[in-house]
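Chemist:
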Amino acid sequence: MQEIKAHNKIKIGNITINSITALAPLAGITDYVLRKLIREESKTTLLMTEMISSEALVQNNDCNIIMTDKSESPVSFQIEGHKPELMAKAAKILENRASIIDINMGCPINKIVKGQDGCSLMRNPKLASEIVTAVKEAVKIPITCKFRLGWSQDDKNFIEFAQAMQEAGASAVMVHARTRSQLYSGTADWLELSKLRGEIDIPYYANGDITSPQTALKCLEISKADGISVGRASMGDLSLLSRIEKYLNDGILLPEPDLNQKISMLKKHLDMEIAFRGEENGIKFFRKFYPCYIKYIRGGSEYRHRLVTELNYNNIINILNEIAINARQE
Ligand SMILES: Cc1cc2nc3c(=O)[nH]c(=O)nc-3n(C[C@H](O)[C@H](O)[C@H](O)COP(=O)(O)O)c2cc1C
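In the working numbering, the protein residues as written are 942 to 1271.
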């Protein structure tokens, strides 16, 4: 703990992040609203946007996905694509909004990898390096890369790949400690990731399966990483990153929010999505979040079913009030 505490800042290129925690990018989830809510809980964690298609952005840069404001900083905007020139143009469009530009080199889904984007860049380090160099030349802010351990169990090239990205100009890397073949199955291999220590001069973040302050500390100890990032566990638990920071910095384990607190957070999150997207779109968009906020309660699946099929705002609030009154956390 002492050793971790001594390193509660991370220097990424010419900027210093006053936290060793980060929100991992989640497509369709870490939108402007969720990031803003997490920023209310933690002033220092590094926020990350979901992946932004460089092609779509360059064709039409007037979209919700790039919405931000000054209070979000430090925020990393993640771009996705495989054409160095387009990626550089996309980075240039985002430069004034972002503290950092991150390049997606880890997305495993077929739609992305079949077009040479995402994790397929790990099989083409030359192209990946060209992208980093082109983006770095286009903007003055630091560039980072997020990738996995490798393509498959037999092809784990994260060490050489990280070295190549550093050589090309990356100022930090974030590694999801699974291979592309694993998708999200099995467990993140933090020990494997520890082999990166001493192999690169830039900081690395460990990512995968952190769900609590204690697992964050364990991940740091095992992976020997400079920082950690949390994705899925941040959904439905807006204070998780700030509780992790408190634990890592001061050794204090703050209690998890109880059901009533979670329902209050949920209502605020829903209201902000509605303000951001309009009532119908906001309510539909929000459906993916109910299971994250409302779990481990008696009758949970029935409540969740009612919530995800409901389109009327007042009815949703009534169901939430009913849960708060009737359900008890197990
Ligand atoms: C629904 C979903 C969307 C994701 N979207 C992105 C993305 O846009 N960019 C990215 O680099 N990783 C993306 N990821 C991967 C996460 O950032 C993270 O690496 C992974 O979920 C493991 O971390 P966790 O166990 O803390 O969630 C996504 C993962 C999920 C489950």
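Ideal Cβ positions, reconstructed from N, Cα and C, are used throughout, including at glycine.
1) Starting from glutamate 1186, follow the alpha helix (DSSP H) in both directions and report where the run begins and ends.
2) Suppose only complete runs of 4+ residues qualify. What are the alpha helix (DSSP H) ranges in the region 972-1043, listed by chain order?
3) Is there at least one non-hydrogen atom of ligand 1 closer than 8 Å to the beta-carbon of tyrosine 1125?
4) Taking only the alpha-carbon atoms, compute the straight-line gap between alanine 1265 and asparagine 1201 and give it to the nearest angstrom.
5) For serine 1093, which of helix, strand or coil comes out of DSSP?
6) Using a Cβ-Cβ cut-off of 7 Å (strictly less than) and excluding sequence neighbours within five positions of proline 1025, which residues of its own chain qualify?
7) Give the straight-line distance between the Cα atoms of alanine 971 and glutamate 991, rounded to the nearest whole angstrom.
8) Going by DSSP, what residue range makes up the alpha helix (DSSP H) through threonine 1074?
9) Within a Cβ cutoff of 7 Å, which residues of the same chain sit near tryptophan 1131, ignoring the five residues on either side of it in sequence?
10) Within the same chain, show all residues whose beta-carbon is closer than 8 Å to that of lysine 1011, passing over the 5 residues directly before and after it, in chain order.
11) Let's see if you can read the secondary structure: which residues bound the alpha helix (DSSP H) around tyrosine 1244?
12) Using a Cβ-Cβ cutoff of less than 6 Å, which residues in the same chain neighbour tyrosine 1188 once the five nearest sequence positions on both sides are dropped?
13) Is glycine 1149 helix, strand or coil by DSSP?
14) How big is the Cα-Cα spacing for lysine 1067 and alanine 965?
15) With DSSP collapsed to three states, give me the class of cysteine 1048.
16) So the beta strand (DSSP E) serine 1170 belongs to, where does it begin and stop?
17) If I measure Cβ to Cβ from proline 1144 and keep anything under 6 Å in the same chain, skipping five residues before and after, which residues do I get?
18) Which residues in the same chain as cysteine 1233 place their Cβ atom closer than 6 Å to its Cβ, once the five residues preceding and following it in sequence are excluded?
19) Report the rounded CA-to-CA distance for lysine 1136 versus threonine 1152, giving the unit in angstroms.
20) Distance check for isoleucine 1082 and glutamine 1270, CA to CA, integer angstroms please.
21) What's the call for serine 1183, buried or exposed, on a 16-neighbour Cβ count within 10 Å?
Modeler: On the basis of the supplied data:
1) 1181-1191
2) 973-982, 995-1000 and 1025-1035
3) Judged by the Cβ position, tyrosine 1125 qualifies as a neighbour of ligand 1 at the 8 Å threshold, a heavy atom of the ligand being closer than this.
4) 6 Å
5) Taken through DSSP and simplified to helix, strand or coil, serine 1093 comes out as strand.
6) Glu1071, Ile1072 and Ala1075
7) It should be noted that the sequence gives threonine, not alanine, for residue 971. The straight-line gap from Cα to Cα measures roughly 6 Å.
8) Threonine 1074 -> alpha helix (DSSP H) spans 1066-1079.
9) Ala1118, Ala1147, Cys1160, Ile1163 and Ser1164
10) none
11) 1241-1249
12) Pro1154 and Leu1194
13) coil
14) Distance between the alpha carbons of lysine 1067 and alanine 965: 25 Å.
15) coil
16) 1168-1171
17) Ile951, Ala1113 and Asp1167
18) The residues Met1176 and Gly1177, in chain order, have a CB closer than 6 Å to that of cysteine 1233 in the same chain once the five nearest residues on each side in sequence are set aside.
19) 23 Å
20) Since pLDDT at glutamine 1270 reaches only 48, below the 50 mark, its modelled position is unreliable, and the value read off the structure follows with that caveat. Each residue's Cα considered, the two are about 45 Å apart.
21) That one is buried.
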